[in-house]
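Each number in this note's numbering corresponds to the 1-based position in the sequence shown with 179 added.
Yeah, the Cβ is synthetic: ideal placement off N, Cα and C, and Gly gets one too.
Report on one structure; see the data block that follows.
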Amino acid sequence: MSVTIHPTAIIASSAQIGIDVTIGPYVIIEDDVNVGDRTYIDSHAVIKQYTRIGTDNHIHSHAMVGGQPQDLKFSGEITWLEIGNYNKIREFATLHRGTAGGGGITKIGNNNLFMAYTHVAHDCILGSNIVMSNCSTLAGHVHIDNFAILGGLSAVHQFCKIGEHAFIGGMTGISQDIPPWMLITGRKGIIHGPNLVGLRRANVPSTTIAAVKDTFKLIWKSTIPRPESLKTLEKKYPDVPEVQSIIRFIRNSERGVCNTASGSEPSDELDLL
Numbered sequence: 180m181s182v183t184i185h186p187t188a189i190i191a192s193s194a195q196i197g198i199d200v201t202i203g204p205y206v207i208i209e210d211d212v213n214v215g216d217r218t219y220i221d222s223h224a225v226i227k228q229y230t231r232i233g234t235d236n237h238i239h240s241h242a243m244v245g246g247q248p249q250d251l252k253f254s255g256e257i258t259w260l261e262i263g264n265y266n267k268i269r270e271f272a273t274l275h276r277g278t279a280g281g282g283g284i285t286k287i288g289n290n291n292l293f294m295a296y297t298h299v300a301h302d303c304i305l306g307s308n309i310v311m312s313n314c315s316t317l318a319g320h321v322h323i324d325n326f327a328i329l330g331g332l333s334a335v336h337q338f339c340k341i342g343e344h345a346f347i348g349g350m351t352g353i354s355q356d357i358p359p360w361m362l363i364t365g366r367k368g369i370i371h372g373p374n375l376v377g378l379r380r381a382n383v384p385s386t387t388i389a390a391v392k393d394t395f396k397l398i399w400k401s402t403i404p405r406p407e408s409l410k411t412l413e414k415k416y417p418d419v420p421e422v423q424s425i426i427r428f429i430r431n432s433e434r435g436v437c438n439t440a441s442g443s444e445p446s447d448e449l450d451l452l
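Structure below.
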């Protein structure tokens, strides 16, 4: 077990490098950085100060990991970026550390894919198994739950929350919270219905998928006031975790949740998106 470091790489003396780590040509690793075991760092990647990286990650060429936050209030205080295990960070991706006003940390879970030119801003909290497609961007303080997918060139407003298994289509702008299991597309981020592909890929039973469809219709397509519709669903599907997670998410939303276009209905045609 050893560390492979190209002779052109520049590694600060205080950086802690795990076992079986490979560091390519012209990589720069600054002070106060931890790199976990079996991590692979390709040529020209930069790991900035105050970054902790778990095991088995792959950081590709020209990625910038742990950069200072793009926040006018930032004044050089010590804050952190923490990355879990088995993440793939592709070319020219930028992941920034937190700010003192936002908790002091940007945190990323496990097994996420950050495609080329993606951006994770300061104080974002990301779960695991998330896909950020090329050029998708997160503003500060965004929270994303497990298994969410962001299409290429999509953008998420600061302080928004994205629920588990949500699917955001390419070139979509998100300015409000996205409930779990929903599919969102369009310039202004319109909910089109349940993420049927995501539900099936997660091996969700057909009866549960029907319950999620019913939940969408009752919340977004009926004339029943939302608080009443949530109470109705809570009683109707007490043992369906997917429905209960949607209810909790909406009740806890601080920015409000995205709306739906009038006349749109959940349809298998949405599987194509």
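C-alpha gap between residue i and residue j, whole angstroms
| i | j | result |
| --- | --- | --- |
| LEU378 | ILE189 | 45 Å |
| ALA514 | HIS239 | Nothing in the structure corresponds to residue 514, since the chain is present only between 180 and 452. |
| ARG427 | THR273 | 32 Å |
| LEU362 | ILE370 | 6 Å |
| ILE220 | GLY435 | 40 Å |
| ALA242 | LYS252 | 25 Å |
| ILE354 | GLY365 | Reading off the sequence, residue 354 comes out as Ser, not Ile. Straight-line Cα distance between these residues: approximately 12 Å. |
| ILE207 | GLY288 | 23 Å |
| GLU444 | VAL419 | Its pLDDT being 47, under 50, GLU444 is placed unreliably by the model, and nothing is read from it. |
| VAL214 | ALA381 | 32 Å |
| SER385 | ALA334 | 32 Å |
| ARG269 | ARG430 | 36 Å |
| GLY442 | LYS415 | At GLY442 the pLDDT is 46, less than 50, meaning the model places this residue with poor confidence; the figure from the coordinates comes in the next sentence. Using only the alpha carbons, I get a separation of about 25 Å. |
| SER181 | ILE198 | 6 Å |
| HIS185 | ILE202 | 6 Å |
| GLY348 | THR316 | 13 Å |
| GLY277 | SER401 | 41 Å |
| THR439 | ILE388 | 19 Å |
DSSP bridge partner residues for residue i (one or two, in chain order)
| i | result |
| --- | --- |
| VAL206 | For VAL206, which the question treats as bridged, DSSP gives no partner whatsoever. |
| ASN213 | GLN195 and ARG231 |
| ILE429 | DSSP output for ILE429 lists no bridge partner at all. |
| HIS298 | THR273 and THR316 |
| THR394 | According to DSSP, which records beta bridges pairwise, THR394 is partnered with nothing at all. |
| LEU362 | PHE346 and GLY372 |
| ALA323 | In the sequence under discussion, the amino acid at residue 323 is Ile, which differs from the Ala named in the question. Paired residues: LEU305 and ILE341. |
| VAL225 | ILE207 and MET243 |
| THR183 | THR201 |
Residue i - DSSP class collapsed to helix/strand/coil
| i | result |
| --- | --- |
| PRO248 | coil |
| LEU329 | strand |
| GLY372 | strand |
| THR234 | coil |
| LYS340 | strand |
| VAL422 | helix |
| TRP259 | strand |
| ASP356 | strand |
| PRO445 | Caution applies to PRO445, whose pLDDT of 46 falls short of 50 and renders its modelled position unreliable; the model cannot decide the point. |
| THR439 | strand |
| ILE189 | strand |
| ILE309 | coil |
| ILE304 | strand |
| ALA334 | strand |
| ILE388 | helix |
| GLY218 | Note on identity: in this sequence residue 218 is Thr, with Gly being the wrong assignment. If DSSP states are grouped into helix, strand and coil, THR218 belongs with coil. |
| LEU451 | With a pLDDT of only 35 at LEU451, under 50, the local geometry of the prediction cannot be trusted, and no value is derived from it. |
| THR201 | strand |
| THR402 | coil |
Beta carbon proximity, residue i to chain D, threshold 7 Å
| i | result |
| --- | --- |
| ALA194 | Here there is only one protein chain, and chain D is not present. |
**Request:** Can you check the stretch 267-293 for any beta strand (DSSP E) of at least 3 residues that lies completely inside it and give the ranges in chain order?
**Result:** With a minimum length of 3 residues, the continuous beta strand (DSSP E) runs that stay inside the stretch 267-293 are 273-275 and 284-287.
**Asked** Would the stretch 388-398 and the stretch 315-328 be scored as touching if the rule is three or more Cβ pairs under 8 Å?
**Response** Short answer: they don't touch.
**Prompt:** Touch check for the stretch 306-317 and the stretch 253-261: three-plus C-beta pairs under 8 Å?
**Reply:** By the Cβ criterion, the stretch 306-317 is not in contact with the stretch 253-261, since fewer than three pairs of Cβ atoms, one from each stretch, lie closer than 8 Å.
**Prompt:** Within the chosen definition, does the stretch 413-433 reach the stretch 349-360 through at least 3 CB pairs nearer than 8 Å?
**Reply:** Enough Cβ pairs lie closer than 8 Å, so yes.
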